Amino acid sequence: MFKWQRRSPSEKSDAVLVQALRLGDGEAMAELYRRHGALVYRYVLRVGRDASIAEEVTQEVFLVLLRQAENFDAERAALSTWLCGIARRQLWKHFDRFDQVELAELDDELRGISTSGGPEEWLSRKEAVATVREGIDQLPVLLKEVIVLCELEEFTYEQASVVLAVPVGTVRSRLHRAKAKLALVLRGFSVCAEKERKIR
Amino acid sequence: MNSDRYLDEILSELAQEQQRIGAPEAVAARLIDETRLEHTSASACRNRALVMGLRFALVLICVAICIAGITYWRLSDTDTATNTIPVLRVVKPLPKPEAAVVGIPLEIPAVRHTQRNWNKNHLAAASAGHNPEVFLALPSSEGLPEPASVSVLQTRIHRDDLRQFGLDVSPFDQSRALLAEFVIGEDGLPRAVRIVR
């Protein structure tokens, strides 16, 4: 009968929830965290490789949202993208504070490495997954960010460029380099697996 | 199998594994508390600012009213002194006069006592010397007809109020209040004054 029935928080858009958050609505914060908290936590966990740091940074990100909600413009970017951008900056602050990151040289030596050929036989899918997972952890931070956003969180190139504050072309370039490195890791794993099979 | 394709499959599997990771619940509770606390402190700040603003506005209004009141009082006081003869009102009935108006019989027990034989010449003689016991003729009564009956009214005035009756008052202490008695004719106009204290 009445079309203006009050909507539950789960039915409201992110922009509406952010406005409610500015007015001190705890339910709006709960709903926003429910929608985007896991994404932020996963991203920070993957790149930072520390669960306690990931929890701390996730909380900081949403506190920034609480205190600077007026800076969010729904027309410029999605809230998830905006939050990941904040998470990245908070994480880098943490890295700078504790001098944790070594900005390793990006993989110039991968030029010319062919990834078209593949091994004929794989020992274990599970082991291959574990190898790639470890390979991602070993990547330089700048490449790891791109792999996590584009491959694991399925961000588009445009969204990743907003989060990383780099052009789309840079995102593509870094993603190619990261995958080349992972392919090398996987190839090395498969080579080791082939040798092991032959020995047996 | 093409290694790129194989890598993509593995990355896809890792992505599914990634999506299974949830956000920590403890953070949610802290954030909700922080949201409410932030809003309460922000509201408190806004309320304090509003209260201070209202207080300041109230002080300004009071100051403006005081200035306006003082200005109005000063202006009205000046107007009264220069343009009108103050209305004399009975402060108290006279029990018994201690001194008599020259030319008027001594018995003046109360206000509006009917007198006869009003003699202005006697007043002129008395005004030449300073005698607080006698009434002084008012220069402002020059030209007024002699009243058939007079009354004596006692009132409080300022020294500089005597100027409007034509009397010369020194600028020293001119705002001092006096208790004076005026001789009023039947036409309501004063003829003479004496200072009681």
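Keeping their order, the protein sequence lines are chains A and B. Using this note's numbering, read the first sequence as starting at -12 and increasing by one per residue. Using this note's numbering, read the second sequence as starting at 2 and increasing by one per residue. The beta carbon of each residue, even a glycine, is placed where N, CA and C say it ideally should be. As the structure is a prediction and not an experimental result, all values here were calculated from the model.
Per DSSP, which residues does residue i bridge with? Please list them.
{"i": "arginine 195/B", "result": "Glu182/B"}
{"i": "serine 152/B", "result": "Ile185/B"}
{"i": "histidine 159/B", "result": "Ala178/B"}
{"i": "leucine 136/A", "result": "Bridge partners of leucine 136/A: none, in fact."}
{"i": "alanine 138/B", "result": "Ala193/B"}
So residue i contacts chain B; which residues on that side make the cut at Cβ distance below 8 Å?
{"i": "threonine 45/A", "result": "Ala24, Pro25 and Val28"}
{"i": "phenylalanine 49/A", "result": "Val28 and Leu32"}
{"i": "alanine 74/A", "result": "Within 8 Å Cβ-Cβ: nothing; alanine 74/A doesn't reach chain B, min ~12 Å."}
{"i": "leucine 32/A", "result": "Ile22"}
{"i": "leucine 8/A", "result": "Thr36"}
I need the boundaries of the alpha helix (DSSP H) containing residue i, first residue and last residue.
{"i": "glutamine 19/B", "result": "4 to 20"}
{"i": "threonine 118/A", "result": "112 to 125"}
{"i": "leucine 52/A", "result": "38 to 54"}
{"i": "valine 31/A", "result": "13 to 35"}
{"i": "serine 148/A", "result": "144 to 151"}
{"i": "glutamine 6/A", "result": "1 to 9"}
Using a C-beta to C-beta distance shorter than 7 Å, which residues of chain B count as neighbours of residue i?
{"i": "glutamate 42/A", "result": "Pro25 and Val28"}
{"i": "cysteine 166/A", "result": "Reading off the sequence, residue 166/A comes out as lysine, not cysteine. By Cβ distance, chain B contributes Leu8."}
{"i": "glutamate 138/A", "result": "Leu12 and Ala16"}
{"i": "leucine 53/A", "result": "Glu35, Thr36 and Glu39"}
{"i": "glutamate 141/A", "result": "Ala16"}
{"i": "alanine 17/A", "result": "Ala29 and Ile33"}
{"i": "alanine 115/A", "result": "Ile11"}
How would you call residue i, buried or exposed, if buried means at least 16 neighbouring beta carbons within 10 angstroms?
{"i": "asparagine 3/B", "result": "exposed"}
{"i": "aspartate 83/A", "result": "exposed"}
{"i": "valine 31/A", "result": "buried"}
{"i": "isoleucine 66/B", "result": "exposed"}
{"i": "glutamate -2/A", "result": "exposed"}
{"i": "alanine 138/B", "result": "buried"}
{"i": "glutamate 26/B", "result": "exposed"}
{"i": "isoleucine 62/B", "result": "exposed"}
{"i": "phenylalanine 166/B", "result": "buried"}
{"i": "lysine 80/A", "result": "exposed"}
{"i": "proline 191/B", "result": "buried"}
{"i": "isoleucine 22/B", "result": "exposed"}
{"i": "leucine 15/B", "result": "buried"}
{"i": "proline 172/B", "result": "exposed"}
{"i": "serine 152/B", "result": "buried"}
{"i": "arginine 56/B", "result": "exposed"}
{"i": "proline 140/B", "result": "exposed"}
{"i": "glycine 156/A", "result": "exposed"}
{"i": "glutamate 108/B", "result": "In this predicted model, glutamate 108/B has a pLDDT of only 40, less than 50, meaning its place in the structure is not dependable; the value taken from the coordinates is given anyway. Answer is exposed; the Cβ neighbour count stays below 16."}
{"i": "tryptophan 69/A", "result": "buried"}
{"i": "proline 148/B", "result": "buried"}
{"i": "serine 0/A", "result": "exposed"}
{"i": "isoleucine 185/B", "result": "buried"}
{"i": "cysteine 46/B", "result": "exposed"}
{"i": "glutamate 132/A", "result": "buried"}
{"i": "glutamine 146/A", "result": "buried"}
{"i": "glutamate 1/B", "result": "With chain B running from 2 to 198 in the structure shown, residue 1/B is simply not present."}
{"i": "leucine 163/B", "result": "buried"}
{"i": "methionine 16/A", "result": "buried"}
{"i": "glycine 189/B", "result": "exposed"}
Could you tell me which chain A residues have their CB closer than 8 Å to the CB of residue i, listed as they occur along the chain?
{"i": "arginine 31/B", "result": "Gln46"}
{"i": "arginine 37/B", "result": "Gly11 and Gly13"}
What does residue i touch in chain B if you count any residue whose Cβ is under 9 Å from its own?
{"i": "tyrosine 28/A", "result": "Ile22, Gly23, Ala24, Pro25 and Val28"}
{"i": "arginine 120/A", "result": "Ile11, Leu15 and Glu18"}
{"i": "glycine 24/A", "result": "Gly23, Ala24, Pro25, Val28, Ala29 and Leu32"}
{"i": "tyrosine 20/A", "result": "Ala24, Val28, Ala29, Leu32 and Ile33"}
Are there any heavy atoms of the ligand GDP lying less than 6 Å away from the beta-carbon of residue i, as far as the coordinates show?
{"i": "valine 52/B", "result": "This structure does not include the ligand GDP; it has no bound ligands of any sort."}
Using a Cβ-Cβ distance under 7 Å, would residue i count as near chain D?
{"i": "threonine 156/B", "result": "Of the chains in the structure shown, none is chain D; the protein chains are A and B."}
query: When the Cβ atoms of the stretch 130 to 141 of chain A are set against those of the stretch 55 to 66 of chain A, are three or more pairs found closer than 8 Å?
result: no
message: When you compare the stretch 3 to 15 of chain B with the stretch 109 to 118 of chain A, are there three or more beta-carbon pairs, one atom per stretch, that lie closer than 8 Å?
response: yes
Contact the stretch 41 to 52 of chain A vs the stretch 12 to 29 of chain A: 3+ CB pairs below 8 Å: yes
- prompt: Between the stretch 37 to 45 of chain A and the stretch 34 to 44 of chain B, do at least 3 Cβ pairs fall closer than 8 Å?
  reply: no
- prompt: Three or more C-beta pairs closer than 8 Å, one from the stretch 159 to 175 of chain A and one from the stretch 118 to 131 of chain A: is that the case here?
  reply: yes
- prompt: Is it true that the stretch 146 to 161 of chain A meets the stretch 36 to 45 of chain B, where meeting means three or more beta-carbon pairs spaced less than 8 Å apart?
  reply: no
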